[in-house]
Structure formats: C-alpha cells, structure tokens
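Trainee: In the order they appear, the protein sequences are chains A and B.
Position 221, counted from 1, in the first sequence is what numbering that gives the first Met the number 0 calls 220; the numbers after and before it change by one each time, with no gaps.
Position 367, counted from 1, in the second sequence is what numbering that gives the first Met the number 0 calls 366; the numbers after and before it change by one each time, with no gaps.
So that we are looking at the same thing, I have put the structure below in structure tokens.
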Amino acid sequence: MSSGDGASKKSKKPRYSRFTQQELPACKPILTPALVMASFISLGITFIPIGVSHLSASEQVVEIREQYDEICVPSNYTNPTTAHQERIRFIQDSRTDKTCTRTLTAPHKMKPPIFVYYQLDDFYQNHRRYVKSRSDKQYRKPRSETEYGDCDPESTFNNMPIVPCGLIAWSLFNDTYRISVNDIAIPINKKDIAWKSDKTHKFGSDVFPKNFQNSDLVGGAKLNESIPLSEQEDLLVWMRTAALPTFRKLYGRIETEIEARDRITVVIQNNYNTYSFRGKKNLVLSTTTWIGGKNPFLGQMYIIVGGLCLFLAIAFIIVYLIKPRPLGDPSYLSWNKNPPAH
Amino acid sequence: MKRFVYINEDNLAHDLYCDNRISNRKYTIWNFLPKNLWEQFSRFMNQYFLLIACLQLWSLITPVNPASTWGPLIFIFAVSATKEAWDDYNRYLSDKKANEKEVWIVKQGTKKLIQAQDIRVGNLVWLRENDEVPCDLVLLGAADPQGICYVETAALDGETDLKTRLIPPACVGIDFELLHKIKGVIECPSPDKDIRRFDANMRLFPPFLDNDVCPLTIKNTLLQSCYLRNTEWACGVAVYTGNETKLGMSRGIPEPKLTAVDAMIDKLTGAIFVFQIVVVIVLGIAGNVWKDTEARKLWYVRYPKEGPWYELLVIPLRFELLCSIMIPISIKVSLDLVKSLYAKFIDWDDQMVDLETGIRSHAANTAISEDLGQVEYILTDKTGTLTENKMIFKRCFVSGTFYGNENGDALTDAELLSAVSSGSTDVIRFLKVMAICNTVIPVQSKNGSISYKAQSQDEEALVRAAARLHMVFVNKNGNFVDIKFNASTIQYEVLDILEFTSDRKRMSIVVKDSQSGKIILLSKGADEAILPHAYTGQQVRTYAEAVEQYAQLGLRTLCLAWRELEDEEYQEWAVMFKEANSSLVDREWRVAEVCQRLEHDFEIIGVAAIEDRLQDGVPETIETLRKAGLNFWMLTGDKQNTAIQIALSCNFVSPEPKGQLLMINGKTEDEVCRNLERVLLTMRITSSEPKDVAFVIDGWALEIALKHYRKAFTELAILSRTAICCRVTPSQKAQLVELLKSCDYRTLAIGDGGNDVRMIQQADIGVGISGREGLQAARAADYSIGKFRFLKRLILVHGRYSYNRTAFLSQYSFYKSLLICFIQIFFSFISGVSGTSLFNSVSLMAYNVFYTSVPVLVSVLDKDLSERTVMQHPQILFYCQAGRLLNPSTFAGWFGRSLFHAIVVFVITIHSYAFEKSEMEEVSMVALSGCIWLQAFVVALETNSFTILQHLAIWGNLVGFYVINWIVSALPSSGMYTIMFRLCRQPSYWITMILIVAGGMGPVLALKYFRYTYRSSKINILQQAERLGGPILSLGNIEPQSRSLEKDLSPLSISLPKNRNPVYEPLLSDSPNSTRRSFGPGVPFDFFQSQSRLSSSYSRNCKDN
C-alpha cells in the first residue's frame, strides 16, 4: 500500500484500489426475523441433546464421598463448647494416635480405574501469599537451589536453602489412606498420579529435598530426601495449585473392580490440620466417563440454555405474527413524516 | 502606550524593541524533553498509566510483570514525542528561511544587505518589485513620482487585488539620494493586530523641515508578508518587527485540537476511574478485614503477626493494579492507529480529487476525523470558497439590445461582434467606458501580451472583455492612457479619478481626449447610484429592467454612463475637487459631495453583467449539508451586497418569502444595539416558523456587538441557523468561531485565503481550499480539499464513518478491558480477597495487545450504511452530531454487557472446572478463552459489513489465540507448559466454550433483534431498506415529494400571490439550475439595505410585473 500511496501523490488520478476507496466487497447481513428465529431454534435443537447426553454421562459416574474431618476427632476432644480449640489441640498433638477407620458402601458397581481423591473445602490454595510462594527455577535444577523467587518465609533454614522452598511445598497434604474392600486390602496405585509434564520438565530428577520441614514450625508432610522431586508425585499433585477454595486432588488409583453394595473400609491417618480454619476434608472415590468426574452443571446448563433459546424463538414468532412490522419501511423515518424541526 | 520610532537612528531604540526574528517554534533543543514530557503528562490518562507503571515496580503488590505496562508506555511516549519533534523542526526550518532572507537596509547612510532577522525598529528598508515585505513599514519613498505604490495583501487579509499605498504627504518629492539621510520621529501605537488601522503621526527633522505633524494611516504602511507589485522600488521605515508585527500579533498559536469524541472518551475514562477507585476501596477494605479475621487462621499462608506500617495499603494497591486494566492502555494506540487510517482514507479518496488541478484532498491533522461527523456549524469564507473567484463578463445591454442572452456569453455573440466591427457609436462608447473607467494597470510583458493588475476583479473582467472586443487598454503612462481600437491608438489624459466608495457606489473618471481635447466624464456603478442621475428625458426603465433580469440570473451588474463636460464647468469643479481633497477634516464626506456636483445628467450607455461563478456543486452541497442539520455562517471580507447575492445564489439563504434577511448595521453603539434587539425580537418570533431567517451584520457593527452586546449577540447566534457577516477582519472571523465554540457548538471553518487562517486554526476543524488565493489556508488547515463540494463527502462519508467507527472501537476497548477486569474481581472473592490474579502476565499483556485489538481494528472498514444511502439521507448525520453512538448511556450498555459476560464466563468456568479440574492454570485459560470467544462474537455481531479482512481478523484472531497459546504451552519454561494441549483434548473444554458463547451472546442477540425490529433507529431502518433492496428506490422518490408538500403547507409569511412573485418565475429557464439561482428582486449593489427598503423593492417589482 505504501508504494501505491507514494505514487498517487504525484499522479493526478491515483491507482484505484478497492481498499483505499473503502469499497471492498462486503457481505452485509441484517437481523431478519427468519435469520434470528432460525438461529435460536437450531441452537435450542442442538443444545438439548448435548445437555441430555452430558447429564447422562455425569449420572453414570459412581462417586463416593466421605467427609471425615469431624468424625475422625476422638470423642474426648469434642466438648461442644470448646470443640474448635479441642480439635486444634488434637491435630497439633504429635503424640496422639490419629488413625481413623471409616466404612463406606459402594452404591453401584465401580469399574477400574477408580480414582481416589482427597477434597479440601475452604482451603485457599489461590491466596496471593500462598500461590506465589514457590520457585519453579529451584525445583527444576540443582544448581539454582538458592533461587528462592517468592518463597519467603519458607526459603531458608539456618541460612541453608530449603528445597523445595515455599509455602505450597511446606504445607503438603499428609493424610494417608488404606483401603480394603470386603476386608481384603487393595493397593492404591500412587504411580503416575502427577502430570507427566511436571515430572519431566517442571521438577528435576536430580533435585533432592534439603532442609525440608526442619524448622520448628512443621507445615505438612515430610519428604524422603533420597527421592528426587520429580518422583515425589504427591508433592507434584499438591503443587498444582487449585483455583477454587474447594478442590480435589488425586491421591491414587484403585485398579480392582468394586461391586455394588461392597463394603469399603478406609483407614485414615488424620494428620492434616484443617481445623484451625474450619476447613473440611473429604475422601472421594470416583469413576470417570468421557466428561471426567461427576459434574451435572454443564448438562443442566445446556438443557436450560437450549430451552431458553426455543422459548425465545417461539416468543419472537408469536410477536412477529401478532405485530408484524415491515423492515426498512421509509415511513418510519421521521424526516419523511414531518418537516425538519428547527 | 505609544512607541516612538526614530527614523534612521542607528544608535537609538535598538534594545527597546525586539528584532525581526520570527519564531513559531514550541521547543528548543534544551527544553524539548522536559517540556514535551510535561505536556504529555498533563493528560490525565498518561499520568494514570505512569502511576500504574511505577506501582508495578513494587513486587509486593504487582500481580504481573512490570514490563507489560512499561513497554507499551515508553513506546507510546516515544511515538508522540518524535512526532512533535518533527513538526517543530519543520517550523524551525520555515522560520529560518524567512529569517535569513536578505534585504537592503540603510545604515550610516549607505545601503547594506542584511538578513531579515536583523532588521531593527527605525531601520530604513528598501524593497524592489515583487519583494515580500519583511516587517511592518511606514512608507517614505517610492519609484512613482506621486508616491503611489501597489501591494498585494493576500497573505494578510486574503484579498488578491492590488491595493494602493501612498507616501505620506510630507515625504512626497524627496529625492532618491536624500532618502538615505532622512531623519524624523514617528509616534505610533503599541503593536496590535488590527490590520485595518494605523493611527500615527510623523514629524521629519531638518533639513526635511516640516512644521506640521503629518498624520499617518494604514494607507501609508506596508505590512509584513505583503508583496510589492508594479512598483519599481519602495522605501520605508520599520515600525513593528518580528512577532510584534500586525501579522505576528494576529497569528494565534494553534492549539492542539481535541475532538468531541476524545473529550467524551476522557469523560468516560474519568467515570471508569472513579468506578475503579470505588472498587479498589471496597475490595481493599474487604481484603483487609478478611485478612485480619480469616487469613490469620490460615496457617499455611503464614501472615506475619506484625506487618510493616504500610500493611493496610498493600491489599488496596494490589487491587488498584489488578483493576488498572479497566482503563485500556491499548485504546490510545488503537485510536491513533485507526485515526491515521481515517486520514489516509481521505488522502486516498478518488472522489475528492479536483480533476482540473489534480489536487487531492489531504488530512494534515490525522487526529480529528470523528469531529467531521459531529460538526454543527460551518463557517465559510465566500470568495474562492463558494465562488471560483473568477469574474467573467457575460452579458450586456446596450441601447436597447441584449447581447449574450442567446448563448450566455456576450463575447461570442455575433450580434455584438458585428456591432463592434460596424462601429456602432453606443457600443463603442460602452467599450470605451469599460476600458478606461477603472484603476487597472496594464502590464506589458516582453512578448507583447498584456496582463492587467486590478484592485477590483470586476474592473479586471471589464477590461479583459473590452480587450476581447478589440478595445484594448494598452498602456498607462503617468496620467496618459492608451487605448487601441482596431489598430488605431487613442490617447486620453486622465484628469481626475473620482474614487469608488461604498457610500457612493460608483466611480468616475474625468479624461481629456488628447486629439479632440474634449473632456469626458466616464462613470460606472450600481444601478441605484447611476440611473437616478440620468439626464432628464432619458428612458431609464429599460435599463432598470435589464438590471433586474441580470440580477435574477445571479450576475453582478454595473451601469455604465457618460457625460461630456464643458471646459469651464470642469475647471470650476476641479478647483473645488482639489480643495476638498486637501482638506484635513471630513475629507471623505467633502470629496463625495464635490463628486456629486459633477456626477449628474448622465447619459446611460448600458448595463454590463459579470459573473462570479459559483464553484460546481456549491448549492447542492449546501442544501445537502443543511438537510444534515448543519448551520452555515458566511464570513467574508467582501461587501455586504455581494455577500448577499452569493448567499442567495448558493442556497445559503432562501429568497423571500421563504427566507428573511435581517440587517444589523450601524456605526454607533446605539444604532447597533437597536438593530440587534430588533433582529433578536424577530428571530424569537420566527424561530417556531419553518422559515429561513438569517441575519446580516457588517464588520463594524460586529465589533460593537461583540464588545458591548456580547450576550445578546450570543443569543442571536444560537437562534440563527444562518448568518452573513461581511467586511469582517481575520481576527473577527476567529472571534466568531470562538463565540460559537463557547456555546458548545462544534465548528468547522472553511476558507481559502490567508485571511481565513486564524479562523481555520481557531475552529474545531479547519478546512482549507487549495485554491487561487494560494496555499496559506490549506497549509494551516486540518484538511485541505480542492473544491467546496468535497465538503459534503468529507463530512457525510468520512466524518460519519470515522465517528461511528471510533464510537464502536472506543467503547469496545472498554468493554473488553472491563470484561477481564470483572473476572479478576469475581475471582478475588473466591481467593480470599487477597488480590490474586487469575490470569498470568503473558495472557494479560497479550489479551490487550494481540487477542482483542486486532479484530476491532478492522472495524475501520465497517460501513453501517452505504455511501449512497447516506448521501440520499443526510439527515442520518444527526446521530453523529448528537453523539448518539458514544455517550454515557451507550457506554452504560457496554458496561452492562461486559458485566453480564464476565458473570457468564466466570460462573460457567468455575462450575464446569470444579473439583479435580480446578487447577489454576487450566481454569485461567478456560476463562481467558471464554473471553476471547465472546469478544470475537461481539465484534461479529456489531459489525455491519463483513469484508474478507473482517472475517480474517475476527476468525483468524481466534485461530491466532490458539496458535499463540499452543506455542507458549510448548515452552517448558513457561508457566502454562502443556496446559493448552491438555485443554484442547478435553471435550468438556469445547462444550464449555460453546456454552459460554451461547449463554453470553444469546441474550445480546435477542435484545439486539428486538430493538432492531421493534425499536429501530433511523440507521436500522435505512440499513434494512438498503439491504432488502426493495424500498430503497422509492426512498429516493418519496423525499422530494414530501418536501414539496411541506413547502405548500408552510405558512406564507408574506401574503403575496405566489405566481406574481418574481422569485418563482425565472425569466430564462435554459438551465436546470435557474430556479435555484434565481434571485430575490434586487439591484446588484446595495439591495436589502433595510426591511422597509426590502418591501419597497418588492412592491416595485410587483408593479413592474
């Protein structure tokens, strides 16, 4: 265009271009009733089946959820008047036995893989102080262990770098579960629960935990210092911070089938302190379908939106029939009606 | 305050007054950076961005990388600074050129060549023919023995004719050599900008002893920027120099222009800023409260017990930064970009090329195209703007015969040519008057061709026409004029010139035939100044009818007359004339009285009709723009009657009875006041009637009105859609613009001459016509066009589209920023009000820079209506004028839309990506892609015409979003490594996107459809009509019908039978324009002098009919 412009200044009649004359061929759609109604009807017709199939997929998911934070506090700690403080005292007491056994019943047949999640409620992994308190560089390479990033206040211990640094790693979830079905212990597969990309790229296979949880103030789980970060899959899962205060994180997978009405016994090591901030802890066993876990929201919304579209289409058709209005009628132009008012 | 100028005293006054250096520069090298930065930072937006950028340097509070703000900010500043520097450098170069021009001055009695910038007050400056006057001079000597010299003042007041300047009487006769040594003192007022007045006195020192103090007027001056013409040399003393000259004083500093749209955007930005502050305060308090009540319990956050002193500020400041994107930094860049494209479209437009000269339209100011669509008042110059500024002799009426009526051009009329060759006495005499009775100066070039220099274009036209008819005015040598008629030369001695004044409305010349010795009085003038003085017995009626007929054709008429004088009569009179001429008091009046004694008992020879052709398409343009709701004011330096004539012929004012002209005249305050009140009263009464009422005011009255009755005049200005201001000076033009601007009207000034420069600079939009009066106006203007008629396209097409596009673009920019900002705010409620950013730095920066700015930039190609439809329905411009597409309420619509869309995106995202899917990066990308999808559909819905480029930009941008994110997701070092690949593999991601689009756009579409169909605006109706094809044809037809209907229904204010009104009865209907061009009854000079006069002329016409 620039060359054409330069030439055109000199010549009397410039090179004609559809772009410069703003005359590119254009398609000028307008909102005719037919177009609008057709689009609403077709939206409605496509949305409702999608919604139904999504909803049914969600219904096929078998999900067992057990909230255990309150129940797993022994009864001698549950004086109703001071329950809150009592629970905190319980969880912070390192000597008490925190084992807790829960028995669940499978409502339907659960086909493997059955995913074992822990769900925390009201846990703000997205809090600004928390979410920033990490150093991806440090996790990736052993050389950069002093690159703390925003790890404060969990970056050094006695001037020695903490690996992995930061509040997120420090507060690693440390409840453990053992599951038996009909009194037969079944293993929970904890391999490959973290993202593959995290194992290969985000966390170094030659970076080992150092000085972790050494200070007086112990956050969550401790790490085996002989295992590189990339193999610490629980940590990797935990480090994928959740955007919502209620979230589930993968604990492991069960590879055996669970029949309907099977008795599932879970032995929980209730170590993690959610009592101070009245957070809830849940254990979730869930199967998956093509939509992932149980989530009726999308299906419901599709049906609602599809229904609304159909309703709107019908409403527009009725209005159109009752009160037809010709498009582009020049008699609606005020200056054709009255002399220009000045 | 007075200043005393000592002529030719080298040692005096050197340091008292400034030198002659002209400076239009804004900066120097040293103050450029601070001054420019200061100027840029005086804009609120820039201050805001700087503050945000600085805050971002504080890592405790910044949610994103500071580079994302600093980069664009520095870029923006560098671009504007470079532009300013370039402009200023060009100004410096042109100043330098003027300052270093070499001139001759006298120093210590000898002539020296110095640079113009070194001229000091008191210096004697010598000029040669065609030199530009370097500073304001008082004439002391000239080549002409009588002390006359000629100047062209076009650059000063825009009048192209030559003006005579006289040496003050005290200096007449001083020898060339002696002039070098002249000494004296001039007492003159302090510098001012009045180019019509110079009240000074001069006293010469011995040996040029003259006891009298010699009064000086503007006639004795040569003002800066004028050109010396037809005078071998002239010499003068510098009285005002540099920026203190009359020109320099009247040169206003052009202020940077801010469009109404810009102002509105600033206002809306302010509102958003207030909103932002409220959000920040609310969220800041909530955040601090939450922190102290809840966050302390979150052991994993580990809030320190005691924070630093500024702890309370941290969370509000974090929110401030988080919300800072509410005000999009990209809006300035995108607006600048599209604005320069609007300007380019004007430059490129093939339909605005003057085919005769090949001059293209040009937008010098690229920033104000939207204002073109919002203009309410157009202030136009007359000569050269509306007219072509070419006077051409077209017809004549001599002794009962009309010449030129058949073919419209007397010069080719065979009848006239044969009359000339056959030597018809009347015709010969007619030609002689044409050739002699003037102040034209013939200039013989080397190849023998003769060109004429004239003060008046009319005279030039007459002389040229006479030459074409073989009566050639060959030479003027002192008092002798040579006329060549058919190879024989006739010489006349000019005895006296009875000059033209606007009171007398005629000029006469007394010549003596060198052969026969007969003394003849030749006169020409307005019919009412000539016809009543015909000798008793001559039948005047035929001439009056001829005048009438010509006037109705829009021609300027002159009556030519002649009388042979007796020797004694002349001698007797000549004495009186000399006496009157040398009188010091009431000279003009006394001269007029004496002239009266000679100018009687005329023998009327004929009537000449001259055409000052209107430019092509002027009436149509004015009519169309009128319909579009624009008000026209004509500001001209020309005479009142000429202005009115032109105004009538170009639809500017309607002839009676539809229109009414109200005069405001008067020389004294009382008179003006009375007139003003009368006109105001009439205006108020008639404002309800569908009548074109216009007022006419002349420069003198205007000055009084502006000075003493500003309030009343302002009211008048508001009431009146049309005004004609005659004899106004450049600064008065600018004052009128200022007045209208102060009433909050958008003004457009259009002109072609140097006298329009100030008005052009003062107006919101200045349009220059690159015409015959040079390029000053075009250079000073924001837009230069080749012809007046392009104004229609400039306003209706370019202005309107620009406004529409900017309105969409700016509101859309806010919409998209608010959208993402609302999501951040919502997210803060589920992240412990701690100020976490849901989106990462890369996304936030790219969101404004890439993802959302490209599709909307293509809206510069959007056309809501085709150009043809707009031209057929100029009324649609009203939407732009009234700012219907960008105002707080439309903005509220966009605000609501972004709030709604933010809710849709946020709610759907956090519900469909809950529990095990609630990974931060994934949720962030889902929300971001939701925004991108929505904004693509919003742009698509708001686009009226899709060209291939729009499709490319809108859908290509969506593809681009994924490509960019896939690339970023492929980088292991980036935070969002693999995220986008993971998402795109999930069916629920795509299902979520479709849901967001349907949920976000469905209601918007439904609402838009409803309004489009059942509450449709005029634009919608025209769109429908245009695109459905059918009714568009009838649209064009309906309008004239309804207009004629309206004409019939409109109450006739004057109860004259319509068919008897000459206005509606063109005598000649040879051209389709004849109706339009038909005039009110009138005599060419001085008609409509007053209301009573008007009605009397009507009754006279009726009688004649």
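Note that beta-carbon positions come from the ideal geometry of N, C-alpha and C, so glycine has one too.
Taking Cβ positions only, does proline 141 of chain A come closer than 9 Å to chain B?
Mentor: By this cut-off, proline 141 of chain A is not an interface position.
Trainee: Would you check if there are 3 or more beta carbon pairs closer than 8 Å linking the region 463 to 473 of chain B to the region 490 to 501 of chain B?
Mentor: In short, these stretches do not touch, since the Cβ pair count stays below three.
Trainee: To the nearest angstrom, how far is it from the Cα of serine 812 of chain B to the Cα of leucine 311 of chain A?
Mentor: Approximately 30 Å between the Cα atoms of the pair.
Trainee: Assuming lysine 511 of chain B contacts tyrosine 491 of chain B (C-beta within less than 8 Å), just tell me the rounded distance between them.
Mentor: Yes, lysine 511 of chain B and tyrosine 491 of chain B are in contact; Cβ-Cβ is about 7 Å, under 8 Å.
Trainee: Less than 9 Å between CB atoms is the rule here; does glutamate 38 of chain B satisfy it with respect to chain A?
Mentor: No - not a single Cβ of chain A is within 9 Å of the one on glutamate 38 of chain B.
Trainee: Using a Cβ-Cβ cut-off of 9 Å, state whether glutamine 823 of chain B counts as contacting chain A.
Mentor: Chain A, which has no Cβ nearer than 9 Å to the Cβ of glutamine 823 of chain B, makes this no.
Trainee: State the Cα-Cα distance for the pair isoleucine 518 of chain B and glutamate 563 of chain B, rounded to the nearest angstrom.
Mentor: Going from the Cα of isoleucine 518 of chain B to the Cα of glutamate 563 of chain B covers about 6 Å.
Trainee: At what residue ranges does the region 120 to 208 of chain A contain a whole run of the beta strand (DSSP E), taking only runs of 3 or more?
Mentor: Runs found: 175 to 180, 183 to 185.
Trainee: Could you name the residues of chain A that isoleucine 609 of chain B contacts, counting a contact when the two beta carbons are closer than 8 Å?
Mentor: Per Cβ cutoff of 8 Å: no residues; isoleucine 609 of chain B is ~31 Å from chain A at best.
Trainee: Tell whether a beta-carbon distance below 9 Å holds between glutamine 91 of chain A and threonine 245 of chain A.
Mentor: Not closer than 9 Å, so no.
Trainee: Compare the Cα-Cα distances from methionine 48 of chain A to each of A:Ser330, A:Leu326, A:Met300, A:Lys248 and report the closest residue.
Mentor: One point to set straight first is that residue 48 of chain A is proline, not methionine, in the sequence displayed. Nearest of A:Ser330, A:Leu326, A:Met300, A:Lys248 to proline 48 of chain A, Cα basis: A:Met300.
Trainee: Across which residues does DSSP place lysine 280 of chain A in a beta bridge pair?
Mentor: Bridge partners of lysine 280 of chain A: A:Leu119.
Trainee: State yes or no: is the beta carbon of leucine 843 of chain B nearer than 9 Å to at least one beta carbon in chain A?
Mentor: No, because no Cβ of chain A sits closer than 9 Å to the Cβ of leucine 843 of chain B.
Trainee: Check for me: the alpha helix (DSSP H) holding phenylalanine 43 of chain B runs from which residue to which?
Mentor: Note, phenylalanine 43 of chain B: alpha helix (DSSP H), 43 to 54.
Trainee: Any C-beta of chain A within less than 7 Å: which residues of the region 969 to 1003 of chain B qualify?
Mentor: Cβ contacts with chain A: Pro971, Tyr976, Thr977, Pro986, Ser987, Ile990, Thr991, Leu994, Ala997, Gly998, Gly1001.
Trainee: Can at least three beta-carbon pairs, one atom from the region 129 to 141 of chain A and one from the region 155 to 173 of chain A, be found at a separation below 8 Å?
Mentor: Flag = yes, the region 129 to 141 of chain A and the region 155 to 173 of chain A touch.
Trainee: Is it a yes or a no for the region 638 to 654 of chain B touching the region 370 to 387 of chain B, going by three-plus beta-carbon pairs under 8 Å?
Mentor: With the cut-off at 8 Å, the region 638 to 654 of chain B and the region 370 to 387 of chain B touch.
Trainee: Which partner residues of glycine 291 of chain A appear in the DSSP bridge assignment?
Mentor: Note: glycine 291 of chain A sits in a beta bridge opposite A:Thr288.
Trainee: In terms of alpha-carbon separation, which member of A:Arg86, A:Ile302, A:Thr31, A:Cys71 lies closest to tyrosine 274 of chain A?
Mentor: Out of A:Arg86, A:Ile302, A:Thr31, A:Cys71, A:Arg86 has the C-alpha closest to the C-alpha of tyrosine 274 of chain A.
Trainee: Would you say valine 304 of chain A lies against chain B (beta-carbon separation less than 9 Å)?
Mentor: True, the Cβ-Cβ gap to chain B drops below 9 Å.
Trainee: What in chain B is Cβ-close to alanine 37 of chain A, meaning under 7 Å?
Mentor: Near alanine 37 of chain A there are no residues of chain B at all, since even the closest Cβ is about 12 Å away, more than 7 Å.
Trainee: Of all the options B:Leu316, B:Val462, B:Asn964, B:Leu126, which has the alpha carbon lying nearest to the alpha carbon of arginine 228 of chain B?
Mentor: Nearest option by C-alpha distance: B:Leu126.
Trainee: With a cut-off of 8 Å, do at least 3 Cβ pairs link the region 968 to 978 of chain B to the region 897 to 910 of chain B?
Mentor: No, they do not touch.
Trainee: Between valine 652 of chain B and leucine 660 of chain B, what straight-line distance do the alpha-carbon atoms span, to the nearest angstrom?
Mentor: Cα to Cα, valine 652 of chain B sits roughly 8 Å from leucine 660 of chain B.
Trainee: Any beta carbon from chain A within less than 9 Å of serine 840 of chain B's own beta carbon?
Mentor: Not an interface residue.
Trainee: Less than 9 Å between the C-beta atoms of methionine 351 of chain B and cysteine 436 of chain B, yes or no?
Mentor: Going by C-beta atoms, methionine 351 of chain B is not nearer than 9 Å to cysteine 436 of chain B.
Trainee: The region 281 to 295 of chain A: which residues have C-beta closer than 9 Å to a C-beta of chain B, in chain order?
Mentor: Against chain B - using a Cβ distance shorter than 9 Å - the residues of the region 281 to 295 of chain A are Val283, Ser285, Trp289, Ile290, Gly291, Gly292, Lys293, Asn294.
Trainee: What does the Cβ neighbour count give for asparagine 19 of chain B, buried or exposed, with the cut at 16 atoms within 10 Å?
Mentor: When all chains shown are included, asparagine 19 of chain B counts as buried.
Trainee: With three or more beta-carbon pairs closer than 8 Å as the criterion, would you say the region 103 to 113 of chain A touches the region 217 to 236 of chain A?
Mentor: These segments do not touch.
Trainee: Determine the DSSP secondary structure at proline 531 of chain B, reduced to helix, strand or coil.
Mentor: It is helical.
Trainee: Quick check: the region 177 to 187 of chain A against the region 142 to 155 of chain A, are at least 3 beta-carbon pairs closer than 8 Å?
Mentor: Because the criterion of three Cβ pairs below 8 Å is not met, the region 142 to 155 of chain A and the region 177 to 187 of chain A do not touch.
Trainee: Measure the C-alpha to C-alpha separation of leucine 430 of chain B and arginine 119 of chain B and round it to an integer number of angstroms.
Mentor: If I take the Cα positions, the gap works out to 50 Å.
Trainee: Indicate the three-state DSSP secondary structure (helix, strand or coil) for serine 67 of chain B in the structure shown.
Mentor: In the structure shown, serine 67 of chain B sits in a helix (DSSP, three-state: H, G or I).
Trainee: If you count every other CB in all the chains shown that lies within 10 Å of the CB of histidine 599 of chain B, and 16 or more means buried, which is it?
Mentor: Counting Cβ neighbours within 10 Å, histidine 599 of chain B comes out exposed, since fewer than 16 surround it.
Trainee: Quick check: the region 327 to 344 of chain B against the region 799 to 806 of chain B, are at least 3 beta-carbon pairs closer than 8 Å?
Mentor: They touch, by the three-pair rule.
Trainee: Leaving out five residues before and five after isoleucine 321 of chain A in sequence, what residues of the same chain have Cβ atoms less than 8 Å from its Cβ?
Mentor: Within the same chain, isoleucine 321 of chain A has no close Cβ partners at all.
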